[in-house]
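Novice: Going by this note's numbering, the letters in the sequence shown line up with residues 1 to 339, in that order.
The structure that follows is given in the form of structure tokens.
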Amino acid sequence: MYPRRTEASRNPKRDPGGTFRHRAMYHATAMTKRPSMRPTLVAALALLGCAEPMDPPAARPPVDGEAALAHVHTQLAFGPRIPGTPGHSAQLRWMLARLDSLAPEVVADTFPYVTTGGDSLTLTNVVARFRPDATRRILLLTHWDTRPTSDEAADPADRDTPLPGANDGGSGTAVLMELARVLAEQAPPLGVDLLFVDGEDYGPTTADMFLGARRYAETLPDEGRPIYGVLLDMVGDRDPRFPPEATSVEFAPIVVRKVWQAARRMGYAEYFPERAVGPLGDDHIPLLEAGLPTVDVVDFSYGPGNAWWHTPDDTADKLSATTLKMVGEVMAELIYSGG
Ligand SMILES: [Zn+2]
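Dropping the structure here:
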């Protein structure tokens, strides 16, 4: 994730303006796209209107928060999952082996990308498809890569070190891996695509971020296209709060309502407040621009004053199995109530 917030003032020397101008431009782009987005969005929303949740809901299987937390530890043991590093390769092998054992169809899309700084990257998006033949399907996504630099570290000496990525990268991946087990054990009432995007956090600027989501958006076929998407990012904080994100509210309001209503039905209204925050640059933006209504479920405040975000403090002790279970249960409620 990449908030429009105050790191410019926290870190003025670190970033002499390019990043922030670019970031502002990125959001401006998202906003000025509105007229061209509208026809596709209207069509997509009409689709959603025809696809109200089925009644009665299917039984919702339990979600194991401890298993999800164990998936965070597994990922941290690989080391940072930066494209081109051994940890990245090890994590990809782990995801593919596990997903192959759980999902009827797993697609790995490997593609090259040259950064604005001239780095040649090999990136891989992975999709695990449950009920692959179902025409009515939804998408849950998260990024699996981790950021190469701890840009927000208080000590300048730490800023060139990779962040561990327990919450940022690890948590969303852990929840989707646990949901893969749930979906394998009990068939969902509609198709579900679990998408693990690469290159979300490469950076340092948004010019070289959201790479896997852009790739997915560019290659999204009409056939088998999900009716909407839900992005999970930073979903493991032991002190969680998931307010609706402003761009999601503006461009995918029906999906926001579905997710936050599911949270309320589960008794989690306290952690899913209704007042919107943001906007935030994240993987949902390329999908929205491609006409796929997608919302970002993201914790805007990780540690006191967001002090653990993009720092070496993004470690597993800051996470809780209870939070991972809660987010997994909200997704399970969404799925098994019919989407
Ligand atoms: Zn990040």
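Beta carbons: idealized from backbone N, C-alpha and C, even for Gly.
These figures come from a predicted structure and were not determined experimentally.
Which residue's Cα is closest to the Cα of ARG264: GLU333, VAL107, LEU123 and ILE82?
Specialist: As a working note, residue 264 is residue 264 in the sequence shown. Here the closest residue by C-alpha is GLU333.
Novice: Identify every run of the alpha helix (DSSP H) within the stretch 217 to 299, keeping only runs that are complete inside it and at least 4 residues long; order them along the chain.
Specialist: DSSP runs (the alpha helix (DSSP H)) wholly in the stretch 217 to 299: 246 to 251, 253 to 265 and 284 to 289.
Novice: Quick one: give me the first and last residue of the alpha helix (DSSP H) that HIS71 is part of.
Specialist: For the purposes of this step, residue 71 is taken as residue 71 along the sequence shown, with counting starting at 1. Here the alpha helix (DSSP H) through HIS71 covers 65 to 77.
Novice: Is it buried or exposed, GLY133, if we count other Cβ atoms within 10 angstroms and call 16 or more buried?
Specialist: Position 133 of the sequence shown, counted from the start, is the residue given in the question as residue 133. For clarity, residue 133 is Asp in the given sequence; the question names Gly instead. Result: exposed.
Novice: Find the nearest neighbour of THR247 within the set MET234, LEU288 and ARG215, judged by alpha-carbon distance.
Specialist: On the sequence shown, position 247 is the one that residue 247 refers to. It is LEU288 whose Cα lies nearest to the Cα of THR247.
Novice: Have a look at SER320 and GLY236 and give me their C-alpha separation to the nearest angstrom.
Specialist: Counting from one through the sequence shown, the residue named residue 320 turns up at place 320. Counting from one through the sequence shown, the residue named residue 236 turns up at place 236. Using only the alpha carbons, I get a separation of about 6 Å.
Novice: Quick check on DSSP: helix, strand or coil for GLU152?
Specialist: Here the question's residue 152 lines up with position 152 in the sequence shown. Residue state, collapsed to three classes: coil.
Novice: How far does the alpha helix (DSSP H) with ARG131 in it reach, from first residue to last?
Specialist: Translated into positions along the sequence shown, residue 131 becomes position 131. Where ARG131 is concerned, there is no enclosing alpha helix (DSSP H), given that its DSSP letter is neither H nor E.
Novice: Grab me the residues of GLN91's own chain with a C-beta within less than 7 Å of its C-beta, minus the 5 sequence neighbours each way, in chain order.
Specialist: The count along the sequence shown starts at 1 and reaches residue 91 at position 91. Within the same chain, GLN91 has close Cβ partners GLN75, PHE78, ARG81 and TRP144.
Novice: Taking just the CA atoms, how far does TRP260 sit from ASP283?
Specialist: One-based indexing of the sequence shown puts residue 283 at position 283. One-based indexing of the sequence shown puts residue 260 at position 260. Each residue's alpha carbon lies about 19 Å from the other.
Novice: Could you give the residue range of the alpha helix (DSSP H) that holds GLU178?
Specialist: One-based indexing of the sequence shown puts residue 178 at position 178. Segment 172 to 185, the alpha helix (DSSP H) holding GLU178.
Novice: Look up ILE138 in the DSSP assignment and say whether it is helix, strand or coil.
Specialist: By one-based count along the sequence shown, residue 138 stands at place 138. Of the three classes helix, strand and coil, the one that applies to ILE138 here is strand, per DSSP.
Novice: Is it right to say GLU178 is buried, meaning 16 or more other beta carbons lie within 10 angstroms of its own, or is it exposed?
Specialist: Within the sequence shown, the letter at position 178 stands for residue 178. Result: buried.
Novice: So the candidates are ALA68, GLU250 and VAL182; which of them puts its Cα closest to the Cα of VAL192?
Specialist: Working through the sequence shown from its first residue, we reach residue 192 at position 192. Of the listed residues, the one whose Cα sits closest to VAL192 is VAL182.
Novice: What would DSSP say about THR323, mapped onto helix, strand or coil?
Specialist: In the sequence shown, the residue the question calls residue 323 occupies position 323. Three-state DSSP puts THR323 in a helix.
Novice: Report the three-state DSSP secondary structure of TYR202 (helix, strand or coil).
Specialist: For the purposes of this step, residue 202 is taken as residue 202 along the sequence shown, with counting starting at 1. Note: TYR202 maps to coil in three-state DSSP.
Novice: In whole angstroms, what is the alpha-carbon distance linking PHE111 and PRO189?
Specialist: Taking the first residue of the sequence shown as position 1, residue 111 is located at position 111. Taking the first residue of the sequence shown as position 1, residue 189 is located at position 189. Roughly 32 Å between the two C-alpha positions.
Novice: Looking at the structure shown, is LEU194 part of a helix, part of a strand, or coil, going by DSSP?
Specialist: For the purposes of this step, residue 194 is taken as the residue at position 194 of the sequence shown. If DSSP states are grouped into helix, strand and coil, LEU194 belongs with the strands.
Novice: CA-CA distance, PHE196 and VAL256?
Specialist: The residue given as residue 196 occupies position 196 in the sequence shown. The residue given as residue 256 occupies position 256 in the sequence shown. Taking the straight line joining both Cα atoms gives about 21 Å.
Novice: Quick one: residues in its chain with C-beta nearer than 6 Å to the C-beta of ARG131, no 5 flanking neighbours on either side, listed in chain order?
Specialist: For the purposes of this step, residue 131 is taken as the residue at position 131 of the sequence shown. Closer than 6 Å at the Cβ level, and outside the excluded window around ARG131, lie GLY191.
Novice: Are the CB atoms of THR142 and THR173 within a distance shorter than 8 Å?
Specialist: As a working mapping, residue 173 is identified with position 173 in the sequence shown. As a working mapping, residue 142 is identified with position 142 in the sequence shown. Yes.
Novice: Return the chain-ordered list of same chain residues with a C-beta closer than 7 Å to the C-beta of ARG60, the five sequence neighbours on each side being excluded.
Specialist: If you number the sequence shown from 1, residue 60 lands on position 60. For ARG60, where only same-chain residues beyond five positions count, the Cβ hits under 7 Å are ALA332, GLU333 and TYR336.
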